[in-house]
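Just below is one structure, and these are the notes that go with it.
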Amino acid sequence: MISGRTRRIVVLHLAIIGLLFVLQFVLPAYHHTNLARIMVLATFAMGYNILFGYTGLMSLGHAMFFAAGMYGAGLCVYYLQFGAGAAFVLGILAGVSLAAVFGLFALRTTGVSFLIVTMMFGQACYLTLLYFNEITLGDQGFTVSGNLQALHQAGVGFAYSDPDVKFNAAWLVFAGALSISTAIAASPIGRVLIAVRVNEERTRLLGYNTFAYKWLALCVSGAIAGAAGAAYALLFSYVGASFASILYSIYPLLWTLLGGAGTTLGPLVGTGVMFYLIDLTSGWTAAYLFIVGGSLLALVLWFPQGLMGAVRARWARWLP
Amino acid sequence: MREVSRRRRLRQHHSLYARPANEMSFGPHLFLAFLEGTVTAFVLALTALGLSLVFGVMRIVNVAHGEFFMLGAVLAWYCTALLGGSPMVGFALALIVAPLLVGAIALAADWLVLKRVDYNPESTIVATIGLLYIVQQLVLTVFGPEARPVEAPIYFRVSFPWFGYSGYKLIVAALSALLLLGTWYALSHTKLGLYMRATQQDYEIAQAFGVPVRRVYATVFALGAMLAAVAGVLIVPVQQAHYLMGLDPLLLSFIVVIIGGLGSLKGTVVAAFVIGISDGMVSVFFSPTLAKILATLLVAAVLVVRPNGLFGDNRT
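So the sequences go chain by chain: A and B. Here the working numbering is used: the first residue of the first sequence is 30, the next is one more, and so on. Here the working numbering is used: the first residue of the second sequence is 18, the next is one more, and so on.
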């Protein structure tokens, strides 16, 4: 039996996915490219949201999973001439395996220790990319398009430099991630994750193995972040260590907070608004870190529930 | 990418200062590495103590702690550059002005932001991240992206049988030791220290006994920031002032407080020496980057054995 709420959720999310697909025929070229980028970055934020928004574990090192996906895919294309599909899968595997191993000891800590440990390891991953510079080329970064195109033309004949292919591939990744996170949020597993966020002790008292659930959330989160990183490398053709820096761990936090933590659509809204905020202000100031820092302060002080959180509280209590 | 070139410069810097031109045998080389490590350890203990104090009393993590360190270094550059004349005078001025200014900034942050989010741990972390980027951007805009050297207030070399060593670095270690002792004395023998310890143990009971908890919070936050600023002033003649220089001390302080156990001052100082000395030694023999990576792996190992750190209690 499908309840009314479930039907509403499914219809709304399908409509959003459909709307994004249609937008490619309407938008001018500049915003067309932007939206492709926003969808990939929003995927990263959705991965983050599963851990932070639903499970209540704030990570300050999520760039390491994004970078794992990015380098997992990028290095395979660069050195081993992998195809885009195989590289994408490897990127996800890189993200999920890093998350699985990391979770085993990081989740032993609780509260703020977890935050510190994630930030520390995020930074250690960044430094590792720089340290093995001969292999990772982390210092300068590298492009994958040269190796990717030649290979892919032998296949179906899609070129990744083609904006339409780029947009639709980004759309597919986004749609997949949104479906997964909505499915999780609406499922019994999602309810347990929220229970862990609200009160971990009581959840354990009810007989749930909270460590396993937190570990699962971290793995899913790492997999989606890895997928976003891999897609970013393949579609926008640049791989560099700067994507593993602390700023790229703070971005998903900012996007998720702005859009509304613990809402399925929040990451998309937050990423889009922030992207255009920085894009519009870049015309008169290069000091975009002011905007990042100022937004974080403003959100904490005056708007902790975020945009979609406000929408849910005021108009649509049924939003997952 | 700036970050990268800075690292490379730091590496050159290390080899310039630490490694004499002629090849040394292993023993003296080890001794030199140990000296470097000891100096790092003292400065790190000072920086991490600020972070640990703030966490211990207020139960919040200050992510902008490294930026207070950086502000100390940058203000020291302004003091010496604007004053001109003898580097000694400018430096002495910096040792007073930098902590006071940084302390004032911290007080303002406490009053404008932290108090308003009621010291909620997660909100405070997000707020201090915001503060981090605002300070970083401010320094980048005003001070500029380049690294600027500050002349050491005194220059002399201590000659060992195998090499000469910068006397200023030994003074840095000595001054840090004095400040550490001073902090310990203030905590254990003054009324403010008593208030701080009472608040740390149970802020509600402390409040019931008439401890002005909110004022203690503000004071501790400012004191923590001032410790970081002093460490920044002390280190700048060795390291150059740069707007991104706060990241490494933040990372190392985090490593130290996690290994030592969040909230344990004793653990912080012990871990600062373990991490500082090993960091200095790996930096001399291999590279500063590898030193940070290894220290983080050590954290993983400690967490597997003792999730609350070496001296941690169970109240995280």
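The beta-carbon is built from N, C-alpha and C at its ideal position, and this holds for glycine as well.
For the region 276 to 335 of chain A, the full-length alpha helix (DSSP H) segments reaching 4 residues or more read 295 to 310, 317 to 331 along the chain. Not flagged as an interface residue toward chain B: A:Ile79, since no C-beta distance is shorter than 9 Å. Exposed is the label assigned to A:Gly236, since fewer than 16 other Cβ atoms lie within 10 Å of its Cβ.
In this model, A:Thr172 and A:Leu122 are separated by some 21 Å (Cα to Cα). Bridge pairing for B:Gly181: B:Ser176 [DSSP]. In this structure the region 162 to 170 of chain B touches the region 88 to 106 of chain B; the number of beta carbon pairs closer than 8 Å is three or more.
Excluding residues up to 5 positions away in sequence, Glu84 lie with their Cβ nearer than 6 Å to the Cβ of B:Val152 in the same chain. Here A:Phe150 is buried. Its C-beta has 16 or more other C-beta atoms within 10 Å.
Linking B:Gly241 to B:Leu110 through their CA atoms gives a straight-line distance of about 20 Å. For the region 143 to 156 of chain A, the set of positions with a beta-carbon nearer than 8 Å to some beta-carbon of chain B reads Leu144, Ile145, Val146, Met148, Met149, Phe150, Gln152, Ala153, Leu156 in chain order. Between A:Val69 and the set A:Thr300, A:Phe50, A:Trp331, the nearest pair of CA atoms involves A:Thr300. Chain A places no beta carbon closer than 9 Å to that of B:Glu221, leaving this residue out of the contacts. A direct Cα-Cα distance of roughly 11 Å separates B:Leu118 from B:Val247.
The region 330 to 346 of chain A makes contact with the region 290 to 305 of chain A; the number of CB pairs closer than 8 Å reaches 3 or more. Taking a beta-carbon distance threshold of 9 Å, A:Gly322 counts as an interface residue toward chain B.
As a beta-bridge residue in DSSP terms, B:Ala258 pairs with B:Arg165. C-alpha of B:Gly147 to C-alpha of A:Leu156: approximately 23 Å in a straight line. Closer than 8 Å at the C-beta level to chain A, one finds these residues of the region 251 to 274 of chain B: Leu264, Leu268, Phe271, Ile272, Val274.
Residue state for B:Val228 is assigned as coil, using DSSP reduced to three classes. Contact between B:Phe86 and B:Thr64 holds: their C-beta atoms lie close to 6 Å from each other, under 8 Å. Counting along the chain, A:Asp191 sits inside no alpha helix (DSSP H), nor does DSSP assign it H or E at all.
In the three-state reduction of the DSSP assignment, A:Val268 falls in the strand class. Rounded to whole angstroms, the separation of the alpha carbons of B:Val134 and B:Thr141 is 7 Å. Residue-level contact by beta carbon holds for B:Thr313 and chain A, with a gap shorter than 9 Å. The beta carbon of B:Ala123 is closer than 8 Å to those of Phe85, Phe238, Ala239, Gly241, Ala242, Met243 in its chain, skipping five residues each way along the sequence. The beta carbon of A:Trp200 sits closer than 7 Å to those of Leu49, Phe50, Met68, all from its chain and outside the five residues before and after it, given in chain order. Under the criterion of beta carbons closer than 8 Å, B:Ala81 and B:Thr158 do not qualify as touching, at roughly 17 Å. Counting only the Cα atoms, A:Pro349 lies some 7 Å from A:Thr211. Secondary structure note for B:Phe271: its alpha helix (DSSP H) is the uninterrupted segment 264 to 277. Within the region 63 to 92 of chain B, the residues whose Cβ lies closer than 7 Å to some Cβ of chain A are Val78, listed in chain order. In the three-state reduction of the DSSP assignment, A:Phe161 falls in the coil class. In the same chain as A:Ala254, and ignoring 5 residues on each side of it, the C-beta atoms closer than 7 Å to its own belong to Phe73, Gly76, Tyr77, His91, Phe94, Phe95, Gly98, Gly124, in chain order. A check of alpha carbon separations from A:Leu286 across A:Phe203, A:Leu306, A:Leu325 identifies A:Leu325 as the nearest. Distance check between A:His42 and each of A:Ser208, A:Pro217, A:Asn197, A:Phe319 places A:Ser208 closest, using alpha-carbon atoms only. For B:Thr236, the three-state secondary structure derived from DSSP is helix.
Put simply, the CB of B:Leu157 is near chain A, with a gap under 9 Å to one of its CB atoms.
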